[in-house]
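Trainee: In the working numbering, the protein residues as written are 962 to 1220. The C-beta atom is built at its ideal place from N, Cα and C for all residues, glycine as well. Given the structure is predicted, the values throughout are model-derived calculations rather than measurements.
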Amino acid sequence: MAAKKRAEEPPPNTLGWMVTFSDMVTLLLTFFVLLLSMCSLEAGKLKQVQKLTLEAMGVLFEGEKSELGFKTILTGDESVLFKGERAEVGLRTVIPTEEIIKEAVSVTEHVSERYARLKMKLVREQLLGTVEFEETEKGFDILLKDALLFNPGEAEINPEGTLVLSKIGEFIKDIEVDIVVEGHTDSVPISTERFPSNWELSTTRAVNAVKYLAEEVGVNPVKLSAVGYADTKPKVSNNTPENQAKNRRVEIVLVPKFL
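1) Of the residues SER1148, GLU1161, LEU1185, which one's Cα is nearest the Cα of GLU1203?
2) Thinking LEU1105 and GLU1121 are a contact (beta carbons under 8 Å), I'd like their distance in whole angstroms, please.
3) How many angstroms separate the CA atom of ILE1103 from the CA atom of ILE1140?
4) In the DSSP assignment, find the unbroken beta strand (DSSP E) run with GLU1117 in it and report its ends.
5) Which full runs of the beta strand (DSSP E) of 3+ residues lie inside the stretch 1119-1146, going along the chain?
6) Give every residue of the same chain whose Cβ lies closer than 8 Å to the Cβ of PHE1156, excluding the five residues on either side of it in the sequence, and list them in chain order.
7) Helix, strand or coil: how does DSSP classify GLU1093 here?
8) From the DSSP output, read off the bridge partner residues of ALA1187.
9) Quick one, which of THR1091, VAL1138, ILE1118 has its alpha-carbon nearest LYS1218's?
10) On the CB-based measure, 16 or more other CB atoms within 10 Å of its CB, does ASN1208 come out buried or exposed?
11) Kindly identify the DSSP beta-bridge partner or partners of LYS1106.
12) List the endpoints of the continuous alpha helix (DSSP H) containing GLU1161.
13) Are there 16 or more other CB atoms within 10 angstroms of the CB of PHE1031, so buried, or fewer, so exposed?
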């Protein structure tokens, strides 16, 4: 029996390395395409993200940035230049925290001192029962019961109310505050030809108080604003006549100007 011929072995594959090489080239090509796409992102979006980040760190912007290659940050006495992305012409101002704190303390102390003096004056004149004082997160709050300023269901300031507003206005007109006059009512509905609801009544009362402070007392109208809340912000529940009387009020809120 003839011996079987040994099966011939296939010749070694000398081109196998090309598979690995082609895979590597494909990966490199993908990588460079990715880099190219990242570099071509819209400049506006990148700047927007950059601006939001800087604002979160307390940087205030004056005008637009410039394409000069430096960013200027003012810190009081000196400027600091940062090399980095291309910047646009303008200044980025960082107001020192120490200055903000000093200014805030100074203004607040001045307002607080006037606030305390006004309170003592009203105590001497036995008006504190109808005028209350609160220090809240909004600022320094002066609360006046509606009966002190208005007749029931009306918005015209009565003679007693003009005297009280005059005393308050003289104390607050020359201090650096924003003055917000708020009108509030109880939950009892009103429906008259002039005031279809408590919204109109509370707003008109606040506006009339603002007009009196500006036109008769001489408070700078730029500082003044009026808002009516109707019965949406009660101090207490409207479940008794006594509580309803507490909710019918005008609030004069002094908001210190720190900057």
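Mentor: To lay it out plainly:
1) In the sequence shown, the residue the question calls residue 1203 occupies position 242. Per the Cα distances, SER1148.
2) Taking the sequence shown and counting its residues from 1, one reaches residue 1105 at position 144. Taking the sequence shown and counting its residues from 1, one reaches residue 1121 at position 160. The Cβ separation is near 11 Å, so there is no contact.
3) Counting from 1 along the sequence shown, the entry for residue 1103 is found at position 142. Counting from 1 along the sequence shown, the entry for residue 1140 is found at position 179. Going from the Cα of ILE1103 to the Cα of ILE1140 covers about 11 Å.
4) Looking up residue 1117 in the sequence shown gives position 156. Premise fails: GLU1117 is in no beta strand (DSSP E) and is neither H nor E.
5) 1138-1145
6) Counting from 1 along the sequence shown, the entry for residue 1156 is found at position 195. Same-chain partners within the cutoff: GLY1114, ALA1116, LEU1162, THR1165.
7) Locating residue 1093 in the sequence shown gives position 132, where the first residue counts as 1. It is a strand residue.
8) One-based indexing of the sequence shown puts residue 1187 at position 226. In DSSP, ALA1187 forms a bridge with VAL1142.
9) For this step, residue 1218 is matched to residue 257 along the sequence shown. Here the closest residue by C-alpha is VAL1138.
10) For the purposes of this step, residue 1208 is taken as residue 247 along the sequence shown, with counting starting at 1. Its Cβ being crowded by 16 or more others within 10 Å, ASN1208 is buried.
11) The residue you call residue 1106 lines up with position 145 of the sequence shown. Answer is ARG1210, bridged to LYS1106.
12) Looking up residue 1161 in the sequence shown gives position 200. Run containing GLU1161: 1159-1173, per the alpha helix (DSSP H) assignment.
13) Within the sequence shown, residue 1031 is the residue found at index 70, counting from 1. Only weak support is given to the placement of PHE1031: the predicted model assigns it a pLDDT of 38, under 50, and the value that follows is read from those uncertain coordinates. Burial call: exposed.
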